[in-house]
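Novice: Can you keep this structure in mind? I'll have questions shortly.
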Amino acid sequence: MNKMLLFSAFLFVLMSDSPRKTEVVLSDDDYELVFSDEFNLPNGSQPDSKIWSRKTRNPDQCNRWNSDSEKVVFIKNGHLVCRAIPNRSEPNDTARMLTGSVWTYGKYNVTYGRIEVRMKTNNKVGNFPAAWLKWQPRNFTTDPYAEIDIVEMFGNMGSANHNIHSQLTVKNPKHGQKNSFRVPLDVTKWHVYAIEWTPTYVTWTIDGKPVGTYRKSTDPKLLREGQWTFDKPCYIVLNQSVGDGSIKGIGRYKKTTYETQFDYIRIYQKVKR
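So in our numbering, spot 222 of the sequence shown is number 992, and the numbers just go up one at a time.
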């Protein structure tokens, strides 16, 4: 694979609202590109099936209306488009909306590195898109929980939200360590959202600017309780969902079309010397 220079102290990004890929100038050669999808396929194509599958439907808010319809996931102008649309075309499907979600589960996992997603979305009540990582456990029911949200948006709040969920944060949200960061932002414009994930911390950045860090505890008791579960291979999820009022800023939405565009996803890891 071609070696690329990666962020160590500062990342310079030339941003625009054009469909052209972002130009990146990086300042360290300790990282190399190990994975990327630029979504450069013909208009109307489905994303590369060697990498992506449609995420399965389940009862939680994020996945309850996931659909295999080509109306909610497709390639357009070099972008992956994920939509949430009113269900007017699937009479045998009881879902009120049809939502687009893809994941790399069973096809590609990552542990540590810098993960970048360039994307833009709507700023509408009910909007709920995300780019995130989750551990691929042997048993979804009994294995410890691990989820890193590169970014997600809630309704028309006009902000980027960055969260991390371990076994401890799920069981005890008031354990005392900040695990959620919110940044006011025009989410309708292109931005590069990224995490720097190491064995001891996760740092989030927007367009190269750090916005928050979650660190592995040095307290043995907290570690035993699952404060840090982020040392396992994770799959990637890119999705457009909708909310039902349980998240602040989300309300009525069932007659609205939502759309998030993903320009690329790139993963860099430390060079082995």
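We put the CB at the ideal spot given by N, CA and C, even for glycine.
Quick caveat: nothing in here was measured; it's all calculated off a predicted structure.
Out of Phe951, Lys1040, Val957 and Leu938, point me to the one whose CA is closest to Gly1047's CA.
Specialist: Since the displayed the chain opens at 771 and closes at 1043, residue 1047 lies outside it and no answer follows.
Novice: Of all the beta strand (DSSP E) runs that stay within the bounds of the stretch 821-850, which reach a length of 3 or more residues?
Specialist: 843-846
Novice: Here's the rule I'm using: 16 or more other beta-carbon atoms within 10 Å means buried, otherwise exposed. How should Thr970 be labelled?
Specialist: Residue numbering aside, residue 970 sits at position 200 when the sequence shown is read from its first letter. It counts as exposed.
Novice: Please report the distance separating the alpha-carbon of Lys791 from that of Phe1000.
Specialist: Here residue 791 is taken as the residue at index 21 of the sequence shown, counted from 1. Here residue 1000 is taken as the residue at index 230 of the sequence shown, counted from 1. With a pLDDT of 46 at Lys791, under the threshold of 50, the modelled position of that residue is not reliable, and the figure given next carries that caveat. Distance between the alpha carbons of Lys791 and Phe1000: 30 Å.
Novice: Assuming Lys890 and Gln1010 make a contact with CB atoms under 8 Å, what is their CB distance in whole Å?
Specialist: Within the sequence shown, numbered from 1, the residue matching residue 890 stands at position 120. Within the sequence shown, numbered from 1, the residue matching residue 1010 stands at position 240. Between Gln1010 and Lys890 the Cβ distance is about 12 Å, and since that is not below 8 Å, they are no contact.
Novice: Check each candidate in Lys991, Ile976, Asp1033 and Leu803 and name the one with the smallest Cα separation from Tyr882.
Specialist: Within the sequence shown, numbered from 1, the residue matching residue 882 stands at position 112. Of the residues Lys991, Ile976, Asp1033 and Leu803, the one whose Cα lies closest to the Cα of Tyr882 is Leu803.
Novice: Comparing C-alpha positions only, which one of Leu903, Glu860 and Ile920 sits nearest to Asn879?
Specialist: Along the sequence shown, one-based indexing puts residue 879 at 109. The candidate whose alpha carbon is nearest that of Asn879 is Leu903.
Novice: Assuming Lys1044 is part of the alpha helix (DSSP H), what are its boundary residues?
Specialist: What the structure shows of the chain is the stretch from 771 to 1043, and residue 1044 is not part of that stretch, so it cannot be assessed.
Novice: Closer than 8 Å is the cut-off here; do at least three beta carbon pairs connect the stretch 837-845 with the stretch 809-826?
Specialist: yes
Novice: Are the stretch 978-990 and the stretch 942-953 touching, with three or more C-beta to C-beta distances below 8 Å?
Specialist: yes
Novice: Going by beta carbon distance, what residues of the same chain come within less than 6 Å of Arg1036, once the five residues before and after it are set aside?
Specialist: To locate residue 1036, count along the sequence shown from 1; it is residue 266. Ser806 and Glu886, listed in sequence order.
Novice: Can we say the stretch 927-944 touches the stretch 865-878, given the rule of at least three CB pairs closer than 8 Å?
Specialist: no
Novice: Please state whether DSSP places Lys944 in a helix, a strand or coil.
Specialist: If you number the sequence shown from 1, residue 944 lands on position 174. Here Lys944 sits in coil by DSSP.
Novice: Nearest to Pro914 by CA position, among Asn810, Glu808 and Arg994, is which residue?
Specialist: In the sequence shown, residue 914 corresponds to position 144, counting from 1. Answer by Cα proximity: Arg994.
Novice: Give the straight-line distance between the Cα atoms of Gly978 and Val921, rounded to the nearest whole angstrom.
Specialist: As a working note, residue 978 is residue 208 in the sequence shown. As a working note, residue 921 is residue 151 in the sequence shown. Each residue's Cα considered, the two are about 14 Å apart.
Novice: Name the two residues that bound the continuous beta strand (DSSP E) containing Val973.
Specialist: Taking the sequence shown and counting its residues from 1, one reaches residue 973 at position 203. The amino acid occupying residue 973 in the given sequence is Thr; Val does not appear at that position. Going by DSSP, Thr973 is part of the beta strand (DSSP E) stretching over Tyr971 to Ile976.
Novice: Tell me the rounded alpha-carbon separation between Met771 and Asn893.
Specialist: Here residue 771 refers to the residue found at position 1 when the sequence shown is read from its first residue. Here residue 893 refers to the residue found at position 123 when the sequence shown is read from its first residue. Unreliable placement is indicated for Met771, whose pLDDT of 41 sits below 50; no coordinate value is reported for it.
Novice: Determine the contact status of Asn897 and Met867, defining contact as a CB-CB distance below 8 Å.
Specialist: Numbered from its first residue, the sequence shown carries residue 897 at position 127. Numbered from its first residue, the sequence shown carries residue 867 at position 97. Contact flag unset, no.
Novice: In the structure shown, what three-state DSSP assignment does Gln906 receive?
Specialist: The sequence position of residue 906 within the sequence shown is 136, counting from 1. Correct three-state label for Gln906: coil.
Novice: What three-state label does DSSP hand Gln937 in the structure shown?
Specialist: In the sequence shown, residue 937 corresponds to position 167, counting from 1. Residue state for Gln937 is assigned as helix, using DSSP reduced to three classes.
Novice: Quick check on the burial criterion: 16 or more other C-beta atoms within 10 angstroms. Buried or exposed for Phe780?
Specialist: As a working mapping, residue 780 is identified with position 10 in the sequence shown. Per-residue confidence for Phe780 stands at a pLDDT of 33, beneath the threshold of 50, marking its modelled position as unreliable; no derived number is given.
Novice: So, helix, strand or coil for Glu860, using DSSP?
Specialist: Locating residue 860 in the sequence shown gives position 90, where the first residue counts as 1. Correct three-state label for Glu860: coil.
Novice: Keeping to the same chain, check which residues put their C-beta closer than 6 Å to that of Ala865; ignore five residues upstream and five downstream.
Specialist: One-based indexing of the sequence shown puts residue 865 at position 95. For Ala865, where only same-chain residues beyond five positions count, the Cβ hits under 6 Å are Trp835 and Asn857.
Novice: For Trp822, tell me which candidate among Gln831, Phe809, Cys832 and Thr1026 has the shortest Cα-Cα distance.
Specialist: The residue labelled residue 822 in the question sits at position 52 within the sequence shown. Nearest of Gln831, Phe809, Cys832 and Thr1026 to Trp822, Cα basis: Phe809.
Novice: By the three-class DSSP mapping on this structure, what secondary structure does Pro812 have?
Specialist: Taking the sequence shown and counting its residues from 1, the one referred to as residue 812 is at position 42. Correct three-state label for Pro812: coil.
Novice: Assuming Leu1008 and Ala901 are in contact, meaning their beta carbons sit under 8 Å apart, how far apart are those beta carbons, in whole angstroms?
Specialist: Residue numbering aside, residue 1008 sits at position 238 when the sequence shown is read from its first letter. Residue numbering aside, residue 901 sits at position 131 when the sequence shown is read from its first letter. Beta-carbon to beta-carbon, Leu1008 and Ala901 are separated by about 5 Å, close enough to satisfy the 8 Å threshold.
Novice: Quick check: the Cα distance between Val962 and Pro899, rounded to an integer number of angstroms?
Specialist: The residue given as residue 962 occupies position 192 in the sequence shown. The residue given as residue 899 occupies position 129 in the sequence shown. Each residue's alpha carbon lies about 15 Å from the other.
Novice: Between which two residues does the beta strand (DSSP E) harbouring Trp967 extend?
Specialist: In the sequence shown, the residue the question calls residue 967 occupies position 197. His961 to Trp967 is the extent of the beta strand (DSSP E) around Trp967.
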